[in-house]
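Before any comments, here is the structure.
Numbering (the working numbering), first residue to last: 1208 to 1258.
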C-alpha cells in the first residue's frame, strides 16, 4: 500500500484566505511580526548584520 503525501506538493502555495487571513496585507503583517528580532536579542544578534 502506497501513501501519497499531497501536502508537500502544495507547501507554500496556499492563498491568504485559505490560511484564514482577510487580505494579503494581513498575512504579510503577521509574517513580519513573526520574523522581527526581539529587543533583548537584537544587541548581540548576527541578524542585525543583514539589515
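For every residue, glycine included, the Cβ atom is placed at its ideal position computed from N, Cα and C.
Report task. Output yes or no for whether 8 Å exceeds the beta carbon distance between residue 1234 and residue 1226. Result -> yes
Query - Reduced DSSP secondary structure (H/G/I, E/B, other) of residue 1229 - result: coil
Query raised in the report: How long is the line joining the alpha carbons of residue 1229 and residue 1220, rounded to whole angstroms?
Result: 17 Å
**Report entry** Three-state secondary structure assigned by DSSP to residue 1170
**Finding:** No statement about residue 1170 is possible, as the shown extent of the chain runs from 1208 to 1258 and does not include it.
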